[in-house]
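One structure below.
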Amino acid sequence: MKFKEIKNNIFYCGLNDCNREFFDELIPLENGTSYNSYLVKGCEKIALIDTMYPPKTEEYLKNLDENGITKIDYIIANHGEQDHTGSIPALLEKYPDSVVVTNQKCKDNIKEMLHVQDDKFLVVNSVDEISLGDKTLKFIVAPGVHWPDTMFTYLVEDNLLCTCDFLGAHYTFEDIFADNSKRLENSAKRYFAEIMMPFRAMCKKYTQMIKDMSVDMILPSHGPIYKNPDFILDLYSDWTADEGKNLVLLPYVSMYGSTEEMIDYLVEKLSQKNIETKKFDIIRGDLGDYARSLVDATTLVIGSSMVLAGPHPAAFNITYLTGVLRPKAKFAAFVGSYGWGGNLVGKLQEQLAGLKLEIIEPLLVKGKPNKEDYEKLDNIVNEIYEKHKLLNLF
Ligand code: FEO
Numbered sequence: 009m010k011f012k013e014i015k016n017n018i019f020y021c022g023l024n025d026c027n028r029e030f031f032d033e034l035i036p037l038e039n040g041t042s043y044n045s046y047l048v049k050g051c052e053k054i055a056l057i058d059t060m061y062p063p064k065t066e067e068y069l070k071n072l073d074e075n076g077i078t079k080i081d082y083i084i085a086n087h088g089e090q091d092h093t094g095s096i097p098a099l100l101e102k103y104p105d106s107v108v109v110t111n112q113k114c115k116d117n118i119k120e121m122l123h124v125q126d127d128k129f130l131v132v133n134s135v136d137e138i139s140l141g142d143k144t145l146k147f148i149v150a151p152g153v154h155w156p157d158t159m160f161t162y163l164v165e166d167n168l169l170c171t172c173d174f175l176g177a178h179y180t181f182e183d184i185f186a187d188n189s190k191r192l193e194n195s196a197k198r199y200f201a202e203i204m205m206p207f208r209a210m211c212k213k214y215t216q217m218i219k220d221m222s223v224d225m226i227l228p229s230h231g232p233i234y235k236n237p238d239f240i241l242d243l244y245s246d247w248t249a250d251e252g253k254n255l256v257l258l259p260y261v262s263m264y265g266s267t268e269e270m271i272d273y274l275v276e277k278l279s280q281k282n283i284e285t286k287k288f289d290i291i292r293g294d295l296g297d298y299a300r301s302l303v304d305a306t307t308l309v310i311g312s313s314m315v316l317a318g319p320h321p322a323a324f325n326i327t328y329l330t331g332v333l334r335p336k337a338k339f340a341a342f343v344g345s346y347g348w349g350g351n352l353v354g355k356l357q358e359q360l361a362g363l364k365l366e367i368i369e370p371l372l373v374k375g376k377p378n379k380e381d382y383e384k385l386d387n388i389v390n391e392i393y394e395k396h397k398l399l400n401l402f
């Protein structure tokens with residue numbers, strides 16, 4: 009495969025992975041993913057920015073051969089996770105004079121995870137630079153987007169910024185430049201939800217920093233290159249905002265239909281009050297869709313049947329996932345149905361403790377909801393309405 013030129017001797021040398029179904033064995037990939045790598049040819053030195061996912065190493069090295077790359081001086085590692093560093097040992101074997109340029113934390117990770125020798129590294133810190141002759145690489149340590157070892161590489165003369173995982177998308181493409189489509193936006197939002205949302209404050213900070221840099225292009229390590237950086241930066245400004253939208257997300261699992269009946273009633277009544285709702289079937293739904301909805305939701309209503317004196321395991325799983333993804337939601341309610349009792353709300357609430365949600369009076373019913381239960385559901389609707397109104401979400 010011939011490398012595509014991005015600008016002035018800077019080439020895309022990454023690979024699509026169209027067949028990958030899950031990332032982190034957690035959330036399904038709608039559009040596969042790409043592992044991006046960038047070759048920067050200066051008049052004196054050559055650098056490779058980020059490398060390749062281990063199963064793709066052979067194809068990656070073959071492409072370097074086919075493009076006549078006989079020497080690499082610097083292998084820039086912006087982050088230690090193996091989808092970007094997995095090929096480093098093979099690259100060092102192929103190009104024995106190259107050195108791995110990275111920050112101290114990332115060096116420690118690569119040494120321990122991939123067993124790379126200490127003398128193969130050049131450690132850099134924020135604002136350090138290396139020269140390739142007519143091109144300068146400047147490093148910006150950016151912990152938290154994604155790991156504590158993450159950094160960005162800025163190509164000074166060309167005004168391009170390689171942001172590693174930050175601002176990426178699980179997306180495959182023919183054209184290396186973003187088409188700014190709704191499909192790309194949706195993939196980038198799923199990606200943000202799963203990977204970046206737990207670090208929302210850091211994402212907000214770096215979004216503003218990059219806006220202030222006014223770079224010409226953003227080169228992430230997953231998904232297409234942004235020739236119009238404002239497309240993705242404006243989306244991140246929205247997704248990282250402190251306030252959510254006028255949206256209630258209702259994940260539920262229902263064994264005999266009673267819990268779903270209550271969820272459906274809430275959806276209908278909330279909609280009548282002009283509150284947007286997203287009902288999510290935990291068993292059959294796509295977790296990526298759920299995570300994406302979490303980006304905007306202000307209120308969560310979790311519905312669960314009771315199994316063996318506790319919540320259904322699927323509800324337990326969804327509240328755990330919600331807790332670790334750290335969405336901006338402010339309120340939560342719980343509804344559920346039981347046969348002979350137990351502790352449902354306490355166990356689910358525990359998983360969400362880190363979110364500091366304000367809890368609305370829960371409703372647990374024995375079997376099917378009766379007239380009084382529907383009145384209590386009306387109370388939940390009214391309370392959510394008042395809370396959204398107070399936040400000026402209408
Ligand atoms: Fe794409 Fe944090 O690795």
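Residue 9 is where the sequence shown starts when you use my numbering, and the numbers rise one by one after that.
Don't be surprised by glycine CBs; every beta carbon is placed ideally from N, CA and C.
Would you list the residues sitting across from THR110 in a DSSP beta bridge? VAL131
Segment limits, beta strand (DSSP E) that includes GLU284: 284 to 289
How big is the Cα-Cα spacing for LEU163 and VAL256? 43 Å
Taking only heavy atoms of ligand 1 into account, decide whether any of them is closer than 7 Å to the Cβ of HIS178. no
Among residues of its own chain, excluding the 5 on either side of ASP294, which ones have a beta-carbon nearer than 7 Å to its beta-carbon? PRO36
Backbone CA spacing between TYR46 and PHE200 [nearest angstrom]: 22 Å
Report whether the distance from the Cβ of GLU89 to the nearest heavy atom of ligand 1 is below 7 Å. yes
Can you tell which of GLY349, GLY350 and GLY344 has its C-alpha closest to the C-alpha of TYR382? GLY344
For the 8 Å Cβ check, are there 3 or more pairs between the region 168 to 179 and the region 223 to 238? yes
May I ask whether a heavy atom of ligand 1 can be found less than 7 Å away from the beta carbon of HIS230? yes
I'd like the span of the alpha helix (DSSP H) that includes GLY354, first residue to last. 353 to 359
At least one CB of chain B closer than 8 Å to the CB of GLN357: is that the case? Among the chains in the structure shown there is no chain B, since it carries only a single protein chain.
Counted within 10 angstroms of its Cβ, other Cβ atoms place LYS143 as buried (16 or more) or exposed: buried
Is HIS154 near ligand 1, going by C-beta to nearest heavy atom under 7 Å? yes
Would you mind reading off the limits of the beta strand (DSSP E) that contains ILE368? Careful: ILE368 lies outside any beta strand (DSSP E) and carries neither H nor E.
Where ASP242 and PHE288 are concerned, what is the direct C-alpha to C-alpha distance, given to the nearest angstrom? 27 Å
Shorter than 7 Å, the distance from the beta carbon of ASP32 to the closest heavy atom of ligand 1, or not? no
Can you have a look at CYS51 and say buried or exposed, based on whether 16 or more other CB atoms are within 10 angstroms of its CB? exposed
Quick check: the region 331 to 339 against the region 277 to 285, are there 3 or more CB pairs under 8 Å? no
Looking only at DSSP bridge pairs, what is MET225 linked to? LEU168
Going along the chain, which residues of its own chain have a beta-carbon closer than 8 Å to the beta-carbon of SER266, five neighbours each way excluded? SER313, SER345, VAL373, GLY375, LYS376 and PRO377
Could you check whether SER139 and ASN39 sit closer than 8 Å to each other, using their CB atoms as the reference points? no
Alpha-carbon to alpha-carbon, PRO156 and VAL149: 9 Å
Helix, strand or coil: how does DSSP classify THR65 here? helix
For VAL315, name the three-state secondary structure that DSSP assigns. strand
So does ASP173 have its beta carbon nearer than 7 Å to some heavy atom of ligand 1? yes
My parser needs the alpha helix (DSSP H) runs of 4 or more residues fully inside the region 24 to 82; what are they? 65 to 74
Three-pair Cβ contact test at 8 Å for the region 106 to 119 versus the region 84 to 91: yes
For TYR20, the three-state DSSP class (helix, strand or coil): strand
For THR161, which residues from the same chain have a beta carbon less than 7 Å from its beta carbon, with the 5 sequence-adjacent residues on both sides left out? ILE57, ILE84, ASN86, LEU145, PHE147 and CYS170
Kindly indicate which three-state DSSP category GLY296 falls into: helix, strand or coil? helix
How about HIS320: is its Cβ closer than 7 Å to a heavy atom in ligand 1? no
Is ALA341 near ILE291, with beta carbons less than 8 Å apart? no
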